[in-house]
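Here the protein sequences come in this chain order: A and B. The number in my numbering is simply the position in the first sequence, starting from 1, with 210 added. The number in my numbering is simply the position in the second sequence, starting from 1, with 38 added. Note that beta-carbon positions come from the ideal geometry of N, C-alpha and C, so glycine has one too. All figures in this text were calculated on a predicted structure; none of them were measured in a lab.
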Amino acid sequence: MTAAPRPYTLVAELTYACPLHCVYCSNPLDLARHGATLDTASWNRVLREAEALGVMQVNLTGGEPLLRDDLEEIVEEARRLDLYTNLITSGIPLERERLARLRALGLSNVQVSIQDSRPAGADRIAGTEAFHQKLAVARWVKELGFPLTLNTVLHRENLDHVGEVIALAEELHADRLELANTQYLGWALANRRALIPPRALIEEARKVAAAARTRLEGRMEVVFVVPDYFTEFPPSCMDGWGRRFLVVTPDGLLLPCLLAHTLPGLTFANVREGPLAELWSDSPGMNAFRGEEWMPDPCRTCDKRTVDFGGCRCQAFHLTGNAAATDPACSLSPHHGLVEDARDEASGSKLVPFRYRWPRGAGPRS
Amino acid sequence: MIPATGKPALASKARLRFDRLSGGYMLLYPERGLALNATAASILKLCDGDRTLETIVGELHQEYADRSDDDVRHEVVDFLEELLKRGLLRVLG
């Protein structure tokens, strides 16, 4: 085994709890079944050891990180370590005063999710009324001098609102706008039939975003992520397994991506078990898909293997049952038909009901 | 174009940070990091919102005495214009 690569980004999933119930949430479907959450001291140790490993950026995410009342202490420690901190939030529950406190403690950037440009559509996706509060939070972010990232997850119900989302981001003086098409994992895979768009909708939205990117150059960064079901080759999921990203779940599992613990047969270490550097380099789960030895055909001889690293392991497992298969989103995958079928299904115009993200048994009765 | 009297400073989302592991500097911004070469790092360390472009070029010319004034100016301007395009720099009046 060669030396483990250097990680640059820590994704700190501070809690799975969230006031929103988004139908495409990337959290695992069994989110209520996880163990005790890490305490403040443990998170701060993870920050210190991650920084020592080479990490420069920390995404404070969840769930909803604002639900932790020790967020301030975690931000303070990250600032002390000179880490670039990005709070990834729904903006709920938040008061201006708390945001000002986080600013004073050295939080670097705030990313607010906006589910749609239209209140009714946004609240329908989130499963709760949130739209107007989010706009208020986005305004506070700028008033307090933070840079603002807006993130909108795209799907068949809002893809034709991309122009409006861009206008809203301009009005809010966002520094960065992420227009991210749904990745069909977690709750989004459970809701795929309701979310997946016909190709024409994506093409149209892509053009609108490209024009905005040129027009807004230097003022607002516009990022449009095409869903990998519609690209010829998969993106390099997490920049490759266990390469650049280090994910720690609310209960302390050290993972290469947010859903790796949904893959059967892999053993991941808990950060409580030892020094992060050791777990990062030696945990069997971390090493399962590092490098190229695990690669199947056609990946092992493919020119793109050093670019996309075989695509997404979770997608491979959730679609084919084999985590070591070529990502079926790749047009060279023997299982690409699974993705083509899902795409074909999308060109029909059936209305499919959503399944909302709730811990099992906790949701409203339907 | 950045005027000679303009005062460049990093945008609010960008931060310059020393990297102990590589011994160089990185420019950090949301979801990204640029590893800077030594020249780029020297330029950005001077972009404090107080120094004008003219001052920055002058100071760098002293540091890189073997290069012509025009050479240094071109390199600085090209680099800063690139950062402006990426929204990583602002120029104060």
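B:Asp86 - partner residues in DSSP beta bridges
Here residue 86 of chain B is taken as the residue at index 48 of the second sequence, counted from 1. Answer is B:Ala47.
Backbone CA spacing between A:Ser318 and B:Val110 [nearest angstrom]:
For the purposes of this step, residue 318 of chain A is identified with residue 108 of the first sequence, where counting begins at 1. For the purposes of this step, residue 110 of chain B is identified with residue 72 of the second sequence, where counting begins at 1. When rounded, the distance between both Cα atoms is 32 Å.
For chain B, check one thing: does any of its Cβ atoms lie closer than 8 Å to the Cβ of A:Arg216?
On the first sequence, residue 216 of chain A is found 6 positions in, with the first residue counted as 1. Chain B contact via Cβ: present.
Nearest neighbour of A:Val363, chosen from A:Val233, A:Gly264, A:Ala214 and A:Gly495 [CA to CA]:
What you label residue 363 of chain A is simply residue 153 of the first sequence in a count that begins at 1. When each option's Cα is compared against that of A:Val363, the closest is A:Val233.
According to DSSP, what are the bridge partners of B:Met64?
Counting from one through the second sequence, the residue named residue 64 of chain B turns up at place 26. Partner(s): B:Arg55 and B:Ala73.
For A:Ala587, which of A:Val432, A:Arg482 and A:Trp568 has the nearest alpha-carbon?
With chain A covering only 211 through 576, there is no way to say anything about residue 587 of chain A.
Could you confirm whether any beta carbon from chain A is found closer than 8 Å to the beta carbon of B:Pro68?
The residue labelled residue 68 of chain B in the question sits at position 30 within the second sequence. So, interface residue.
Which residue's Cα is closest to the Cα of B:Val115: B:Arg105, B:Ala79, B:Glu69 and B:Val95?
In the second sequence, residue 115 of chain B corresponds to position 77, counting from 1. Closest option to B:Val115, Cα to Cα, is B:Val95.
Sort A:Val372, A:His383 and A:Ala330 by Cα distance to A:Val351 and report the nearest one.
If you number the first sequence from 1, residue 351 of chain A lands on position 141. Cα-wise, what sits closest to A:Val351 is A:His383.
Taking DSSP as the reference, what is the three-state secondary structure of A:Arg423?
As a position in the first sequence, residue 423 of chain A is number 213, starting the count at 1. Helix at A:Arg423.
DSSP-derived helix/strand/coil call for A:Val549
If you number the first sequence from 1, residue 549 of chain A lands on position 339. Three-state DSSP puts A:Val549 in a helix.
Under a three-way DSSP split, which group does A:Tyr439 fall into?
To locate residue 439 of chain A, count along the first sequence from 1; it is residue 229. Residue state, collapsed to three classes: helix.
Between A:Pro275 and A:Arg453, is the Cβ-Cβ spacing less than 8 Å?
Residue 275 of chain A sits at position 65 when you count from the first residue of the first sequence. Residue 453 of chain A sits at position 243 when you count from the first residue of the first sequence. Taking 8 Å as the Cβ cut-off, A:Pro275 and A:Arg453 do not qualify as a contacting pair.
Roughly how many angstroms separate the alpha carbons of B:Ala47 and A:Glu259, rounded to a whole number?
Counting from one through the second sequence, the residue named residue 47 of chain B turns up at place 9. Counting from one through the first sequence, the residue named residue 259 of chain A turns up at place 49. If I take the Cα positions, the gap works out to 32 Å.
Look at the alpha carbon of B:Leu122 and the alpha carbon of A:Ala419, and state the distance between them as a whole number of angstroms.
Within the second sequence, numbered from 1, the residue matching residue 122 of chain B stands at position 84. Within the first sequence, numbered from 1, the residue matching residue 419 of chain A stands at position 209. Each residue's alpha carbon lies about 20 Å from the other.
Does the beta carbon of B:Lys123 sit closer than 8 Å to a beta carbon anywhere in chain A?
The residue labelled residue 123 of chain B in the question sits at position 85 within the second sequence. With 8 Å as the cut-off, B:Lys123 counts as an interface residue toward chain A.
Would you please state the rounded distance, in angstroms, between the beta carbons of A:Leu315 and A:Glu282? I believe it to be under 8 Å.
Position 105 of the first sequence, counted from the start, is the residue given in the question as residue 315 of chain A. Position 72 of the first sequence, counted from the start, is the residue given in the question as residue 282 of chain A. Right, the Cβ-Cβ distance comes to about 6 Å (below 8 Å), so this counts as a contact.
Measuring only between beta-carbons, confirm whether A:Asp554 sits less than 8 Å from chain B.
Stepping through the first sequence from its first residue, residue 554 of chain A is reached at position 344. Closer than 8 Å: no.
Within its chain, find whatever has a CB closer than 7 Å to the CB of A:Arg411; leave out the 5 residues flanking it on each side and keep chain order.
Here residue 411 of chain A refers to the residue found at position 201 when the first sequence is read from its first residue. Residue 411 of chain A is actually Leu in this sequence, not Arg. If we look at A:Leu411 and ignore the five residues flanking it on each side, its Cβ neighbours are Arg366, Leu369 and Asp370.
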